[in-house]
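In our numbering, the protein residues as written are 9 to 292.
Written below as structure tokens is the structure these notes are about.
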């Protein structure tokens with residue numbers, strides 16, 4: 009079904025119930041590589057309920073369903089994640105019930121052979137008192153949904169990485185089965201598990217989820233800059249620039265200028281920048 013620009017740009021979902029339990033945040037933490045240093049009590053708190061569990065701020069990205077796009081006729085199985093942002097107004101609890109509002113804030117036509125560029129804004133509120141917890145921006149490329157006659161994409165301002173050597177570096181390995189574990193947190197796109205689907209989309213093998221790479225980058229900042237204090241993060245924005253394959257080592261280069269942390273993620277073995285223009289704001 010072809011995209012109807014006027015209908016999709018006006019689409020909103022309001023007061024959609026979402027929830028999670030402690031086992032969900034523990035599974036997510038394992039899926040983005042925590043739990044390898046159990047002698048570190050601050051890391052243990054993310055994977056052990058007797059010490060929390062504490063919830064990675066990036067977990068909020070898992071509370072966003074694809075229903076808005078799927079119900080609009082978009083081919084979400086051939087969708088690629090372009091960027092992800094989150095603004096946190098209070099830390100995520102270890103479990104909870106929430107209400108989700110979603111709306112399309114940008115939709116551009118890249119052409120019949122290139123797809124569509126779409127950005128969805130998601131607001132998450134506590135169900136018990138309607139307090140806003142966070143607002144997320146998710147930008148995707150819908151590879152099969154271009155040519156609908158919408159406007160071309162507008163120029164976007166990107167966060168500039170400082171022109172100096174990184175202040176800190178964090179190396180985090182991924183496992184060959186990383187995508188198999190991460191998909192249990194809710195993203196069942198076959199691109200990340202089925203070799204035939206991956207090759208059909210132009211990849212040599214299944215790639216890691218963008219939301220998994222996002223979580224690994226968040227893990228790196230928490231570990232290196234925040235000593236695992238998740239309450240320090242106020243926002244966390246990334247642009248995905250190349251795929252990560254399970255088994256890759258991800259090197260996060262970090263620059264800190266007071267409360268603003270700039271970062272990018274590389275895969276040294278392939279000399280590939282996989283996340284660029286990263287920006288994290290810490291509480292003052």
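Cβ atoms here follow ideal geometry from the backbone N, Cα and C, with glycine treated the same way.
- [ ] Locate the beta strand (DSSP E) running through residue 268, then write down its first and last residues.
- [x] Reading the chain shown from its first residue, position 260 is the one you call residue 268. Per DSSP, residue 268 belongs to the beta strand (DSSP E) from 268-275.
Task: 7 Å Cβ cutoff met for residue 26 and residue 97 - done: Mapped onto the chain shown, residue 26 falls at position 18. Mapped onto the chain shown, residue 97 falls at position 89. For residue 26 and residue 97, no; Cβs fall outside 7 Å.
Task: 8 Å Cβ shell around residue 172 - same chain, five flanking residues per side excluded - done: Sequence index remark: in the chain shown, residue 172 carries index 164 (1-based). 263.
TODO: Please look up how many angstroms separate the CB atoms of residue 153 and residue 11, rounded, as I've assumed it's under 8 Å.
DONE: Reading the chain shown from its first residue, position 145 is the one you call residue 153. Reading the chain shown from its first residue, position 3 is the one you call residue 11. Their Cβ separation, rounded to whole angstroms, is 5 Å, which keeps residue 153 and residue 11 in contact under 8 Å.
- [ ] Tell me whether residue 213 sits in a helix, a strand or coil according to DSSP, three-state version.
- [x] Along the chain shown, read from residue 1 onward, the residue named residue 213 stands at position 205. The answer is coil: DSSP assigns residue 213 none of H, G, I, E or B.
Task: residue 288 versus residue 189: straight-line alpha-carbon distance, rounded - done: Here residue 288 is taken as the residue at index 280 of the chain shown, counted from 1. Here residue 189 is taken as the residue at index 181 of the chain shown, counted from 1. If you take the alpha carbons of residue 288 and residue 189, they lie about 26 Å apart.
Open item on the list: My assumption, with CB atoms under 8 Å, is that residue 68 sits in contact with residue 16. Please give the rounded CB distance.
Closed with: As a first step, residue 68 must be located in the chain shown, where it is residue number 60. As a first step, residue 16 must be located in the chain shown, where it is residue number 8. Actually they are not in contact, since the Cβ atoms of residue 68 and residue 16 sit about 24 Å apart, beyond 8 Å.
Open item on the list: Going by C-alpha to C-alpha distance, which of 164, 170, 178 sits closest to residue 234?
Closed with: Position 226 of the chain shown, counting from 1, holds the residue named residue 234. Nearest of 164, 170, 178 to residue 234, Cα basis: 178.
TODO: Please classify residue 261: is it buried, with 16 or more other beta-carbons within 10 angstroms of its beta-carbon, or exposed?
DONE: Walking along the chain shown from the start, residue 261 turns up at place 253. When all chains shown are included, residue 261 counts as buried.
Task: When 20, 144, 40 are compared against residue 258, the one with the closest alpha-carbon - done: Mapped onto the chain shown, residue 258 falls at position 250. Put simply, of 20, 144, 40 the residue whose alpha carbon is nearest the alpha carbon of residue 258 is 40.
Open item on the list: Quick test of your reading: residue 87 and residue 193, contact by CB under 8 Å. State the CB separation rounded to the nearest angstrom.
Closed with: For the purposes of this step, residue 87 is taken as residue 79 along the chain shown, with counting starting at 1. For the purposes of this step, residue 193 is taken as residue 185 along the chain shown, with counting starting at 1. In fact, because the Cβ distance is near 17 Å, the residues do not count as touching under 8 Å.
- [ ] Would you mind reading off the limits of the alpha helix (DSSP H) that contains residue 251?
- [x] Translated into the one-based positions of the chain shown, residue 251 becomes position 243. Counting along the chain, residue 251 falls outside any alpha helix (DSSP H), and DSSP gives it neither H nor E.
Open item on the list: Below 8 Å on the Cβ atoms is my contact criterion, and I expect residue 90 with residue 164 to pass it. Report the Cβ-Cβ distance as a whole number of Å.
Closed with: What you label residue 90 is simply residue 82 of the chain shown in a count that begins at 1. What you label residue 164 is simply residue 156 of the chain shown in a count that begins at 1. That pair is no contact at about 10 Å.
- [ ] Identify the continuous alpha helix (DSSP H) that holds residue 218 and give its terminal residues.
- [x] Translated into the one-based positions of the chain shown, residue 218 becomes position 210. Run containing residue 218: 218-232, per the alpha helix (DSSP H) assignment.
Task: Rounded C-alpha distance that separates residue 36 from residue 123 - done: By 1-based counting over the chain shown, the position of residue 36 is 28. By 1-based counting over the chain shown, the position of residue 123 is 115. About 30 Å.
Task: Candidates 66, 65, 44: closest to residue 56 by CA position - done: Within the chain shown, numbered from 1, the residue matching residue 56 stands at position 48. Selection 66, 65, 44 evaluated against residue 56 yields 44 as nearest (Cα-Cα).
Task: For residue 311, the nearest candidate out of 126, 269, 131 (CA to CA) - done: Examination of residue 311 is not possible in this model, given that the chain is present from 9 through 292 alone.
- [ ] Report the three-state DSSP secondary structure of residue 187 (helix, strand or coil).
- [x] For the purposes of this step, residue 187 is taken as residue 179 along the chain shown, with counting starting at 1. Helix, per DSSP.
Task: Whole-Å CB distance - residue 216 paired with residue 187, under 8 Å assumed - done: Here residue 216 refers to the residue found at position 208 of the chain shown. Here residue 187 refers to the residue found at position 179 of the chain shown. Yes, residue 216 and residue 187 are in contact; Cβ-Cβ is about 5 Å, under 8 Å.
Open item on the list: Are the CB atoms of residue 281 and residue 274 within a distance shorter than 7 Å?
Closed with: Indexing the chain shown from 1 puts residue 274 at position 266. Indexing the chain shown from 1 puts residue 281 at position 273. Contact flag set, yes.
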